[in-house]
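Enquirer:
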Amino acid sequence: MRQPVKHTFWALCAVLLPSICFAGARHFTFIYEAPTSPPGSLEIESYATTRFSDGFTDANFRHELEIGITEHFQASIYLANWDYTRARENRGAHYDSSSLELIYNLTNPVADPIGISLYQEISAGRRFLESETKLIAQKNVGPLILAYNLTLEAEWAEESLREHNGEIQQALGASYEVSPRISVGAEMLHEIILPHWHSSEAENNFFVGPNVSYRGNGWFVTVTALAQTTGTEGEADYQVRLIFGVSL
Amino acid sequence: MNTGSCSRWVGCVVSTLVILFIASCANLAPPPEVSPVLISNARPDHVDAAQLQEGRRLFLAHCLECHTLPRVTKYNREQWPHLVSRMAGRANLSASDQKAITFYLRASSSTTIVPR
């Protein structure tokens, strides 16, 4: 088996196998949608992101327990964010962090002119702290879902958390429901990376690619493949993200 | 990826979006508000305006979590109960929520008054 195919296969196995049972379907993988989980619902979602630059470079995994608290509020616990890297000096699997995510829905994407939700995530690991704040906007036009996320990320790392970096991200996506079970669409991602929060060192990356989602009875799977269009050195040329979810 | 192929990619995505947007506008209207016609259609189910309103609210809030909302006239009065029941578990609907959504969809599935 060719190397990238083999690594993608093992990455998929790592996500799918622990998820014996699992809902609230996602139409995108890099973009969040405005509606929140129904109150009392419990879901497990597993994420796998594989990156390629001249072949496989690394894979990222997240395992999320999502809880619907009220009609407009949901909370999630990411039990483990970990990665597998192929780099010679750091080869292998490493635990990265655990996270708490809160989403509050303000308006409905069908009944209101635009659906808005607010998102906050805090991640903490060994010598690592990250805050991610998002504005989620969505409009449903019949079977078409249009979604936009504006994200501000702040990261503190290393000893005494002395290294600090920032990132501003915009993501735009469209997903069309061709049938009640299948959706296809596209996602675009624009990242502005701010090392040490200095705009003079800012790095712009732009990714675009298709997505597809399938909803089963009580489970769903969504996959997006993005290609980098900016040619930034040190950033992945391609990345593929898969999310598999099941209602408990 | 070079600049030429990048522009072609973005162009393709944007054109597809525009076509899908135009096609989807046929279904732009949100689920109908509770009206005298709906109240009249709901009489065989012995449902009042407040219950229909609650059914509409729940339909908008819960069903969107997994899929876009179909046109309410896409299915008829007899088809809706089965469809709602099939998805109730996944949407975590209580028995009363399920009933409210079903009554609203049965009443709104026809825009004309249902003969009694």
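Just so you know, the protein sequences line up as chains A and B, in that order.
If you're matching positions, the first sequence starts at 34 in the numbering used here and goes up one per residue.
If you're matching positions, the second sequence starts at 12 in the numbering used here and goes up one per residue.
For each residue, glycine too, the CB sits at the ideal point set by N, CA and C.
For the alpha helix (DSSP H) that Asn-52(B) lies in, which residues bound it at each end?
Expert: 47-52
Enquirer: Run down chain A in chain order and give the residues with a C-beta less than 7 angstroms from the C-beta of Val-21(B).
Expert: Val-241
Enquirer: Taking the C-alpha atoms as reference points, what is the distance between Ile-152(A) and Pro-55(B)?
Expert: Residue identity check: residue 152(A) is Tyr in the sequence provided, not Ile. Going by the C-alpha atoms only, they are around 44 angstroms apart.
Enquirer: First and last residue of the alpha helix (DSSP H) that includes Val-95(B)?
Expert: 90-99
Enquirer: Compare the Cα-Cα distances from Phe-94(A) to each of Thr-140(A), Met-221(A), Asn-244(A) and Leu-275(A) and report the closest residue.
Expert: Closest in C-alpha terms to Phe-94(A), from the list Thr-140(A), Met-221(A), Asn-244(A) and Leu-275(A), comes Leu-275(A).
Enquirer: Ignore the nearest five residues each way along the sequence and tell me which others in Ser-156(A)'s own chain have a CB closer than 6 angstroms to its CB.
Expert: Ser-130, Ser-132 and Glu-163
Enquirer: Please name the residues in the segment 173-207 of chain A whose beta-carbon is closer than 9 angstroms to at least one beta-carbon of chain B, in chain order.
Expert: Those would be Asn-173, Val-174, Gly-175, Pro-176, Leu-177, Ile-178, Leu-179 and Ala-207, in chain order.
Enquirer: Could you check whether the Cβ of Leu-71(B) sits closer than 8 angstroms to any Cβ belonging to chain A?
Expert: yes
Enquirer: By the three-class DSSP mapping on this structure, what secondary structure does Leu-75(A) have?
Expert: strand
Enquirer: Checking 8 angstroms against the spacing of the C-beta atoms, do Gly-206(A) and Ala-187(A) come in under that value?
Expert: no
Enquirer: Please go through the same chain and pick out, in chain order, the residues whose beta-carbon is closer than 7 angstroms to the beta-carbon of Ala-60(B), but skip the five residues on each side of it.
Expert: Val-45 and Ile-50
Enquirer: Identify every residue that forms a DSSP beta bridge with Val-279(A).
Expert: Ile-77(A) and Trp-252(A)
Enquirer: Less than 8 angstroms separating the beta-carbons of Gln-273(A) and Ala-258(A)?
Expert: The question names Gln, but residue 273(A) is Val in the sequence shown. Their beta carbons are under 8 angstroms apart, which means Val-273(A) touches Ala-258(A) by this criterion.
Enquirer: Identify the contact partners of Asn-87(B) in chain A, using a Cβ-Cβ distance below 8 angstroms as the criterion.
Expert: Neighbours of Asn-87(B) on chain A: none; closest Cβ ~17 angstroms, over 8 angstroms.
Enquirer: Give me the Cβ distance between Asn-244(A) and Thr-62(A), rounded to the nearest whole Å; I'm assuming they're in contact under 8 angstroms.
Expert: 6 angstroms
Enquirer: Give the C-beta separation of Thr-140(A) and Gln-107(A) to the nearest angstrom, bearing in mind that I take them to be a contact with Cβ-Cβ under 8 angstroms.
Expert: Contact between Thr-140(A) and Gln-107(A) is ruled out by a C-beta separation of about 16 angstroms, above the 8 angstroms threshold.
Enquirer: For my contact list, Thr-184(A) and His-60(A) are in at a C-beta cut-off of 8 angstroms; report their separation, rounded to the angstrom.
Expert: With 8 angstroms as the limit, Thr-184(A) and His-60(A) do not qualify as a contact, their Cβ atoms being about 18 angstroms apart.
Enquirer: If you follow the alpha helix (DSSP H) that Asp-108(B) is in, where does it begin and where does it stop?
Expert: That run of the alpha helix (DSSP H) goes 106-119.
Enquirer: Taking all protein chains shown into account, do 16 or more other C-beta atoms lie within 10 angstroms of the C-beta of Trp-91(B), making it buried, or fewer, making it exposed?
Expert: buried
Enquirer: Within this structure, are the beta carbons of Ile-149(A) and Ala-120(A) separated by less than 8 angstroms?
Expert: no
Enquirer: For a minimum of 3 consecutive residues, which ranges assigned as the beta strand (DSSP E) are wholly contained in the segment 163-246 of chain A?
Expert: As for any beta strand (DSSP E) of minimum length 3 sitting wholly inside the segment 163-246 of chain A, the runs are 177-190, 196-210 and 215-228, ordered along the chain.
Enquirer: Count the other C-beta atoms from every protein chain shown that fall within 10 angstroms of the C-beta of His-231(A), then say buried if there are 16 or more, exposed otherwise.
Expert: With fewer than 16 other beta carbons inside 10 angstroms of its own, His-231(A) counts as exposed.
Enquirer: Please identify, using Cβ separations under 8 angstroms, the residues of the segment 53-69 of chain B that lie next to chain A, in order along the chain.
Expert: none
Enquirer: Mind checking whether Arg-69(B) and Ile-112(B) have CB atoms under 8 angstroms apart?
Expert: Going by the sequence as given, residue 69(B) is Leu instead of Arg. If you check the CB distance, Leu-69(B) and Ile-112(B) come in under 8 angstroms.
Enquirer: List, in order along the chain, the chain A residues whose C-beta lies closer than 8 angstroms to that of His-78(B)?
Expert: Those are Ala-58, Glu-210, Pro-213 and Arg-248, listed as they occur along chain A.
Enquirer: Among the candidates Pro-71(A), Ile-225(A), Ile-64(A) and Ala-235(A), whose CA atom is the shortest distance from the CA of Arg-101(B)?
Expert: Closest by alpha carbon: Pro-71(A).
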